[in-house]
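Protein chains in written order, with this note's numbering: chain A, 10 to 227; chain B, 22 to 213.
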């Protein structure tokens, strides 16, 4: 247990501060920037903005979650940390599970905070904002799991970061459909399904990511 | 460190579609040391990784009845952290260790970020991590690379101490490694 806590503490420090690779601030700024650009692109038509703003926030969140992909697994693999953990009997699955948690903590809460100014920028009302925030709360764990899994799969490949981004987008479609879809229907069922997709991704991530890291070893 | 034991029987290693070596066979008891020699590309590092359990052997079995510590060309220390804190992370996993930093000549470097260290200093830092793990089996892959003559003497002294304490050393190096009672295994003799 103390080992997992030590791993989580290190992962959080790496992902929040980020060293030279940019920390947790970068995805948040990206998110706000997209929300800011959207009204410029479609024009100051308040009803149109209000109707589409929630979906835009969702897309911005999805794209922002892709930004840190290249520093989730690759740097540690290069440094030989995964080999050292394996020698100490710490399984890749445990490391990946801890990393999913750290990744979620480093991008989801800041993103949900940034959704407040984001909502003001695209002009959505309180009820819609509440649905967006609830959807993000349920959907971002799945995004984090997906991000770490794909990062593990593409680590060590040339152009892995770009490929990783391309892989995440189609796999994140179910989260987007149910999460952003709940805005249109206003029902709870979309949110529930979004949460269900998240749970499935969370359950798969440690095993898929761990197997990918082991297979890439050589 | 009692009861440390490492047996390799009929190990073969294939990289890509090339068979690097086959029928490598040895048994090491506590206190023994083995140097793997051979030209570049004969599979020294691959054999070290097979012994560590990080690479599956193409044929044969490795029987390792103790924890293993690995030293290779990657120090496994966070580059942007000061050396002291990078080492402290491993101490959290391995348990506290009496500080070897002074002996390894790292005493003045604990505040320096790892990425500013020279090749030799990084190697010394990796040695501190290796010692801290307190594993009975040391797998050293080119431990002398980048070290000055005093560093080389230090590594040889550390390995000798480790063996006297009942540990096992397996050293992959093309450079001469001075250690009393060290056995040598030339991988060229096992080339397929």
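From the three backbone atoms N, C-alpha and C, an ideal C-beta is built for every residue, glycine too.
Identify which residue in 164/B, 142/B, 74/B and 92/B has its Cα closest to the Cα of residue 238/B. As shown, chain B starts at 22 and ends at 213. That puts residue 238/B outside it, with no answer to give.
Is residue 42/B close to chain A? Criterion is C-beta to C-beta, closer than 8 Å. no
Hey, quick one: how far does the alpha helix (DSSP H) through residue 35/B stretch, first residue to last? Segment 26-36 is the beta strand (DSSP E) holding residue 35/B; no alpha helix (DSSP H) there.
Taking 8 Å as the CB-CB limit, is residue 80/A close to chain B? no
For residue 214/A, name the three-state secondary structure that DSSP assigns. helix
State the DSSP-derived secondary structure class of residue 81/B, mapped to helix, strand or coil. strand
With a CB to CB cut of under 6 Å and the five nearest residues on each side skipped, what residues in its chain are close to residue 133/A? 59, 62 and 63
Are three or more beta carbon pairs between the segment 91-109 of chain B and the segment 122-138 of chain B nearer than 8 Å? yes
Residue 188/A versus chain B: which residues are under 7 Å apart at the beta carbon? Ordered by position in chain B, no residue passes the 7 Å Cβ test against residue 188/A, which lies about 35 Å from the chain.
Whole angstroms are fine: how far does the CA of residue 208/A sit from the CA of residue 21/A? 22 Å
I want to see whether chain B comes within less than 8 Å of residue 13/A, judged by CB atoms only; does it? no
Using three-state DSSP, classify residue 198/B as helix, strand or coil. coil
Quick check on this structure: which residue in 106/A, 87/A, 154/A and 192/A has the alpha carbon closest to the alpha carbon of residue 226/A? 87/A
Return helix, strand or coil for residue 134/B, following the three-state DSSP convention. strand
Could one say the Cβ of residue 226/A lies closer than 8 Å to chain B's Cβ atoms, at least one of them? yes
Beta-carbon contacts of residue 169/A that lie in its chain and below 6 Å, excluding the five residues immediately before and after: 163
Hey, out of 184/A, 43/A, 11/A and 148/A, whose CA is closest to residue 126/A's CA? 43/A
N-terminal and C-terminal residue of the beta strand (DSSP E) that residue 190/B is part of: 189-193
Got a sec? Which residues, its chain only, sit under 6 Å from residue 158/A by beta carbon, not counting five neighbours each side? 214, 217 and 218
Below 8 Å between beta carbons: does that hold for residue 47/A and residue 65/A? yes
So what does residue 162/B bridge to, in DSSP terms? 193/B
Assuming residue 91/B contacts residue 73/B (C-beta within less than 8 Å), just tell me the rounded distance between them. 5 Å
For residue 140/A, which beta-bridge partners are listed by DSSP? Paired residue(s): none; residue 140/A is not in a bridge.
Residues bridged to residue 45/B by DSSP? 32/B
Please report the straight-line C-alpha distance between residue 41/A and residue 91/A, rounded to a whole angstrom. 35 Å
Taking DSSP as the reference, what is the three-state secondary structure of residue 97/A? coil
Buried or exposed for residue 49/A, please, with buried defined as at least 16 other CB atoms from any protein chain shown within 10 angstroms of its CB. exposed
Verify the contact flag: residue 117/B, CB atom, against every heavy atom of the ligand GDP, threshold strictly below 7 Å. Inclusion of the ligand GDP in the displayed structure is not the case, the ligand content being empty and no account of it being possible.
Let me see if you follow: with CB-CB separation under 8 Å, is residue 114/B close to chain A or not? yes
Thinking just about the alpha-carbon of each residue, which of 55/B, 140/B and 100/B is nearest to the one in residue 23/A? 100/B
Just to confirm, is the Cβ distance from residue 67/B to residue 76/B under 8 Å? yes
Measuring CB to CB, does residue 83/A end up less than 8 Å from residue 174/A? no
So residue 205/B is in the beta strand (DSSP E); what residue range does that whole segment cover? 203-207
From residue 137/B to residue 102/B, what distance separates their C-alpha atoms? 10 Å
Would you tell me roughly how many angstroms separate the C-alpha atoms of residue 202/A and residue 140/A, rounded to the nearest one? 14 Å
Under the three-state DSSP convention, the category residue 50/B falls into: strand
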